[in-house]
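S.K.:
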Amino acid sequence: MKERTRDQGGPGTLTDDLVVPEIDASTLADEPLADLAARYRLRPSAARPGVFVYARQLWDRRHFIVGFATARNVAMYTEARLGQLWQVLTPLLNAAVYYLIFGIILDTSRGVPNFLAFLITGIFIFNFTQRAFITTSRVMPDSLPLIRALPFPRACLPIGYVLIELEQLVMSMIVLTVIVLASGEPLTWYWLLALPALALQAVFNIGMGLSLARLGAGADDFSQLLPFLVRTWLYASGVMFSIQTISSLRHHPTITYLLQVNPAAVYIGLVRNSILQSQRIGWPGSKPYSVGNCALYHTGKKAYLEYSAYCHGVVPMNALWLWGIGWAIVALVVGFVFFWQAETRYGRG
Amino acid sequence: MASGPASDGPAPTVIVDDLHVVYRVYGAGGDKGTAATALMRVIKRQRRPSVREVHAIRGISFVINHGDAVGIIGRNGSGKSTLLQAIAGLLPPEQGCVYSSGQAALLGVNAALLDDLTGERNVVLGCLAMGMTPQETKDRYQSIVDFSGVGNFIDYPMRTYSTGMAQRLRFSIASAKNHEILMIDEALATGDANFRAKSHERIVELRGEAGTVFLVAHNLAEIEASCNRVIWLEKGQIMRQGYDVPAIIDAYLEATGGEPRKRDKPHQNEHSATA
Chain A
-15 MKERTRDQGG PGTLTDDLVV PEIDASTLAD EPLADLAARY RLRPSAARPG
35 VFVYARQLWD RRHFIVGFAT ARNVAMYTEA RLGQLWQVLT PLLNAAVYYL
85 IFGIILDTSR GVPNFLAFLI TGIFIFNFTQ RAFITTSRVM PDSLPLIRAL
135 PFPRACLPIG YVLIELEQLV MSMIVLTVIV LASGEPLTWY WLLALPALAL
185 QAVFNIGMGL SLARLGAGAD DFSQLLPFLV RTWLYASGVM FSIQTISSLR
235 HHPTITYLLQ VNPAAVYIGL VRNSILQSQR IGWPGSKPYS VGNCALYHTG
285 KKAYLEYSAY CHGVVPMNAL WLWGIGWAIV ALVVGFVFFW QAETRYGRG
Chain B
2 MASGPASDGP APTVIVDDLH VVYRVYGAGG DKGTAATALM RVIKRQRRPS
52 VREVHAIRGI SFVINHGDAV GIIGRNGSGK STLLQAIAGL LPPEQGCVYS
102 SGQAALLGVN AALLDDLTGE RNVVLGCLAM GMTPQETKDR YQSIVDFSGV
152 GNFIDYPMRT YSTGMAQRLR FSIASAKNHE ILMIDEALAT GDANFRAKSH
202 ERIVELRGEA GTVFLVAHNL AEIEASCNRV IWLEKGQIMR QGYDVPAIID
252 AYLEATGGEP RKRDKPHQNE HSATA
């Protein structure tokens, strides 16, 4: 056989007018093709599986999801000289910046005991959700080559991205543990409650990540807008102040309530209450209501910081757990179904 | 294999029924691209002129039977790769439908995996993405690496590979699994002679296992050697198709300004089927 590669020439070597399909009659069946396909039980290749089948397919690819997340995490710092050390350095530097601004320059504790540990805990927990949101909103356009190359349940990608952020969070939590202990908080059994709290937050992030991945797969406008929405959310979620005790919200119980049950504030609150004893004992409503003691808290004197416990509770701690579970389940179910509905369209780009 | 009740003739494995595929391309030029023109567009409620629709496949129908090896020919931009992606279910149809008997596997040039990861990670992830278990992946790993012949480079990130090396590794990963429907899109164009010989053997082997093979190649000799059927695409439509491979290839060459292929002897095609 002679080996001769022909260059086909650029477009336009053939005159434009002649597109005369010449169908070889023998290759087409007499009956409608859809009937023929049905008779031989062929399935549409771009068909979407049922939602439960899809969930099972996703479970079958769990090794891929975990492998994908781990590999991406490793690759993230390959260009850096310090390599994986950045996984620890990034949260450390973050903490240092916030310490500089809020601890030294502004010197504002706004009625919060152990403000620095309070602030850094909030930043790290919010950062997990923030980064998960931003990265998942871009995952579909970023992974278009992979999507067009291999068939697999597309939900693997946003879930994988959330797992990447979860692995980063583990590093942050190690740094956080050191900072919190150094700030004088005791190590107690309550610390174990941080684990279910973070697990709920991860489930919530996966659910939201699935929704955001579908929204971000369409127009690019969404992923441009999202960082602003998330930053607004940051300021509304009590990262830098305590929603329940801040004096400017004292006479607006409805607003306080709505701010406190928003998912970011819920997960931040749950983690703070488990690792910061000063937060746990100062949680409003955790002690019987006392007008006098609550008034002492509002004098703002350092000695009475933990008297916030005697004030009216906005959201009791048990209710906070219920909110955390509720948000996680709702986000996951809605996100999963919403993402699955567009499963066959992600390759379009 | 035929799972249907009918037994007249070979069973179809792929049915393409009046398929249309439309790409949407953003940023394809248009206005001056300033914020002011964008604002005017929003105010006037106009569509973005920079969103262009590319009607890549325009109404294609055919039936492919079990055991067919189909060559797809056509000039650059005629929709060959798009057609394969649509058959594989990777690109959604705008109209019409593609029916297939199983999951189609597509080996393509553009099947970029994860460029910033090492070859080793790519092998593992590729296998897992294709649905292998970790144990299967472990078992196949060495043979995939050996077949690709990338040697020590397996520990390097894939972005450091030459085009040929990356393609060899991708082909090795994708061909590690047996597929019912196999589609090869110029996957072998940049391999060296040694690898091409090896991969040709592997394709023949896969074709024995697979029910149906699609082959896109600009190398018409390769099509003529391996295919018993050919589809000639022109601007997203079928120009000609059928089982008379040499005649269609000659007509195609004539239309694109080439000379008919010189054949040393009357063409012997082991897969020739009389339609």
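Here the protein sequences line up with chains A and B, keeping their order. For reference, each letter of the first sequence is one residue, going -15 to 333 in my numbering. For reference, each letter of the second sequence is one residue, going 2 to 276 in my numbering. Ideal placement from N, C-alpha and C gives every residue a C-beta, glycine not left out. A quick note: this is a predicted structure, and the numbers were derived from the prediction, not measured.
Below 7 Å on C-beta distance, what does A:PHE52 contact in chain B?
M.R.: Here residue 52 of chain A refers to the residue found at position 68 when the first sequence is read from its first residue. Chain B residues near A:PHE52: LEU126.
S.K.: Hey, does A:PRO247 have any beta-carbon neighbour from chain B nearer than 9 Å?
M.R.: Reading the first sequence from its first residue, position 263 is the one you call residue 247 of chain A. Taking Cβ atoms only, chain B never reaches closer than 9 Å to A:PRO247, which makes this a no.
S.K.: Does the separation of the CB atoms of B:GLN86 and A:GLY331 fall below 9 Å?
M.R.: Along the second sequence, read from residue 1 onward, the residue named residue 86 of chain B stands at position 85. Along the first sequence, read from residue 1 onward, the residue named residue 331 of chain A stands at position 347. Their beta carbons are under 9 Å apart, which means B:GLN86 touches A:GLY331 by this criterion.
S.K.: Short of 8 Å in beta carbon distance, which residues of its chain neighbour B:TYR157, apart from the five on each side in sequence? Order them along the chain.
M.R.: Here residue 157 of chain B corresponds to residue number 156 of the second sequence, with the count starting at 1. Closer than 8 Å at the Cβ level, and outside the excluded window around B:TYR157, lie THR119, GLY120.
S.K.: Just to confirm, is the Cβ distance from A:PHE117 to A:ASN189 under 9 Å?
M.R.: Walking along the first sequence from the start, residue 117 of chain A turns up at place 133. Walking along the first sequence from the start, residue 189 of chain A turns up at place 205. In this structure, A:ASN189 lies closer than 9 Å to A:PHE117 by Cβ.
S.K.: Which first and last residues belong to the beta strand (DSSP E) in which B:LEU216 is found?
M.R.: For this step, residue 216 of chain B is matched to residue 215 along the second sequence. Its beta strand (DSSP E) spans residues 213 to 217.
S.K.: Using 9 Å as the threshold, is the C-beta distance between A:ASN164 and B:ARG122 below it?
M.R.: If you number the first sequence from 1, residue 164 of chain A lands on position 180. If you number the second sequence from 1, residue 122 of chain B lands on position 121. Per the sequence shown, residue 164 of chain A should be read as Val rather than Asn. Contact flag unset, no.
S.K.: Interface residues of chain A around B:CYS228 at Cβ under 7 Å?
M.R.: Mapped onto the second sequence, residue 228 of chain B falls at position 227. By Cβ distance, chain A contributes nothing, its closest Cβ being about 13 Å from B:CYS228, past 7 Å.
S.K.: Between the C-alpha atoms of B:LEU216 and A:THR105, what's the straight-line distance to the nearest angstrom?
M.R.: The residue labelled residue 216 of chain B in the question sits at position 215 within the second sequence. The residue labelled residue 105 of chain A in the question sits at position 121 within the first sequence. Taking the straight line from one Cα to the other gives about 57 Å.
S.K.: Using a Cβ-Cβ distance under 9 Å, would B:TYR100 count as near chain D?
M.R.: The structure shown contains no chain D; its protein chains are A and B.
S.K.: Residues of the region 124 to 152 of chain A in Cβ contact with chain B at a cutoff of 9 Å, in chain order, please.
M.R.: Those would be PRO129, LEU130, ILE131, ARG132, ALA133, LEU134, PRO135, PHE136, CYS140, in chain order.
S.K.: Are there three or more Cβ pairs, one per stretch, closer than 8 Å when the region 268 to 275 of chain A is compared with the region 208 to 215 of chain A?
M.R.: Taking 8 Å as the limit for Cβ pairs, the verdict is that the region 208 to 215 of chain A does not touch the region 268 to 275 of chain A.
S.K.: Between the region 124 to 144 of chain B and the region 202 to 222 of chain B, can you find at least three pairs of beta-carbon atoms closer than 8 Å?
M.R.: No, because fewer than three Cβ pairs between the region 202 to 222 of chain B and the region 124 to 144 of chain B fall closer than 8 Å, the two stretches do not touch.
S.K.: Which runs of the alpha helix (DSSP H) spanning at least 4 residues fall entirely within the region 216 to 259 of chain B, listed in chain order?
M.R.: Taking only runs of at least 4 residues, the alpha helix (DSSP H) segments lying wholly in the region 216 to 259 of chain B are 221 to 227, 246 to 256.
S.K.: Name the one or two DSSP bridge partners that B:ASN66 has.
M.R.: Locating residue 66 of chain B in the second sequence gives position 65, where the first residue counts as 1. B:PRO13.
S.K.: Since A:GLY297 contacts A:ILE252 with CB under 8 Å, what's their CB separation in whole angstroms?
M.R.: Position 313 of the first sequence, counted from the first residue, corresponds to residue 297 of chain A. Position 268 of the first sequence, counted from the first residue, corresponds to residue 252 of chain A. Not really, about 17 Å apart at Cβ, beyond 8 Å.
S.K.: Distance check for A:GLY87 and A:ALA166, CA to CA, integer angstroms please.
M.R.: Taking the first residue of the first sequence as 1, we reach residue 166 of chain A at position 182. Taking the first residue of the first sequence as 1, we reach residue 87 of chain A at position 103. Rounded to the nearest angstrom, the two C-alpha atoms are 15 Å apart.
S.K.: If you draw a straight line from the alpha carbon of B:SER4 to that of B:THR14, how long is it in whole angstroms?
M.R.: Here the question's residue 4 of chain B lines up with position 3 in the second sequence. Here the question's residue 14 of chain B lines up with position 13 in the second sequence. Low confidence applies to B:SER4: its pLDDT is 41, below 50, so where it sits in the model is not reliable, and the reading given next is rough at best. Near 10 Å, if we compare the C-alpha coordinates of B:THR14 and B:SER4.
S.K.: Report yes if the C-beta distance between B:ILE65 and B:THR83 is below 9 Å; otherwise report no.
M.R.: What you label residue 65 of chain B is simply residue 64 of the second sequence in a count that begins at 1. What you label residue 83 of chain B is simply residue 82 of the second sequence in a count that begins at 1. Result no, Cβ atoms of B:ILE65 and B:THR83 do not sit closer than 9 Å.
S.K.: Where does the unbroken beta strand (DSSP E) through B:MET184 begin, and where does it stop?
M.R.: Your numbering for residue 184 of chain B matches position 183 in the second sequence. B:MET184 -> beta strand (DSSP E) spans 182 to 186.
S.K.: For B:TYR157, which three-state DSSP category applies?
M.R.: Locating residue 157 of chain B in the second sequence gives position 156, counting from the first residue. Residue state, collapsed to three classes: coil.
S.K.: Does any residue of chain B bring its CB to less than 9 Å from the CB of A:LEU199?
M.R.: On the first sequence, residue 199 of chain A is found 215 positions in, with the first residue counted as 1. False, the Cβ-Cβ gap to chain B never drops below 9 Å.
S.K.: With distances taken between CB atoms, is the gap from A:ALA178 to A:MET155 smaller than 9 Å?
M.R.: The residue given as residue 178 of chain A occupies position 194 in the first sequence. The residue given as residue 155 of chain A occupies position 171 in the first sequence. Cβ atoms of A:ALA178 and A:MET155: not closer than 9 Å.
S.K.: Is DSSP giving B:GLY209 helix, strand or coil here?
M.R.: The residue you call residue 209 of chain B lines up with position 208 of the second sequence. Of the three classes helix, strand and coil, the one that applies to B:GLY209 here is helix, per DSSP.
S.K.: Between which two residues does the beta strand (DSSP E) holding B:GLN96 run?
M.R.: Here residue 96 of chain B refers to the residue found at position 95 of the second sequence. First-last of the beta strand (DSSP E) with B:GLN96: 96 to 101.
S.K.: Please list the partners that A:GLY331 has in chain B, where partner means a Cβ-to-Cβ separation under 8 Å.
M.R.: Numbered from 1 along the first sequence, position 347 holds the residue referred to as residue 331 of chain A. Going along chain B in sequence order, the residues near A:GLY331 (Cβ under 8 Å) are GLN86, LEU91, LEU92, PRO93.
S.K.: Does DSSP put B:ILE201 in a helix, a strand or coil?
M.R.: As a working mapping, residue 201 of chain B is identified with position 200 in the second sequence. According to the sequence shown, residue 201 of chain B is His rather than Ile. Helix, per DSSP.
S.K.: What did DSSP end up calling B:THR119 once you bin it into helix, strand or coil?
M.R.: What you label residue 119 of chain B is simply residue 118 of the second sequence in a count that begins at 1. In this structure, B:THR119 counts as strand in the three-state DSSP scheme.
S.K.: Could you give the C-beta distance for B:ILE74 and B:TYR253, rounded to a whole number, given that I count them as a contact under 8 Å?
M.R.: One-based indexing of the second sequence puts residue 74 of chain B at position 73. One-based indexing of the second sequence puts residue 253 of chain B at position 252. About 6 Å; that satisfies the 8 Å criterion.
S.K.: For A:TYR251, which of helix, strand or coil comes out of DSSP?
M.R.: Numbered from 1 along the first sequence, position 267 holds the residue referred to as residue 251 of chain A. A:TYR251: helix per DSSP, three-state reduction.
S.K.: How would you label A:PHE36, buried or exposed, when you count the other beta carbons within 10 angstroms and need 16 or more for buried?
M.R.: For the purposes of this step, residue 36 of chain A is identified with residue 52 of the first sequence, where counting begins at 1. Exposed, by the Cβ-count rule.
S.K.: Would you say A:THR113 faces chain B, with C-beta separation under 9 Å as the test?
M.R.: To locate residue 113 of chain A, count along the first sequence from 1; it is residue 129. No, its Cβ sits nowhere closer than 9 Å to a Cβ of chain B.
S.K.: Could you name the residues that DSSP lists as bridge partners for B:GLY72?
M.R.: Residue 72 of chain B sits at position 71 when you count from the first residue of the second sequence. For B:GLY72, which the question treats as bridged, DSSP gives the partners B:LEU216, B:VAL231.
S.K.: At 9 Å on the CB atoms, spell out the chain A contacts of B:ALA167, in chain order.
M.R.: To locate residue 167 of chain B, count along the second sequence from 1; it is residue 166. Neighbours of B:ALA167 on chain A: none; closest Cβ ~12 Å, over 9 Å.
S.K.: Suppose contacts are defined by Cβ-Cβ distances below 9 Å. Is A:GLY191 in contact with A:PHE48 by that definition?
M.R.: On the first sequence, position 207 is the one that residue 191 of chain A refers to. On the first sequence, position 64 is the one that residue 48 of chain A refers to. Going by C-beta atoms, A:GLY191 is not nearer than 9 Å to A:PHE48.
S.K.: Which one of B:THR38, B:ILE16, B:VAL146 has the shortest CA to CA distance from A:GLU389?
M.R.: Past the boundaries of the shown model lies residue 389 of chain A; chain A is included only from -15 to 333, so the question cannot be answered.
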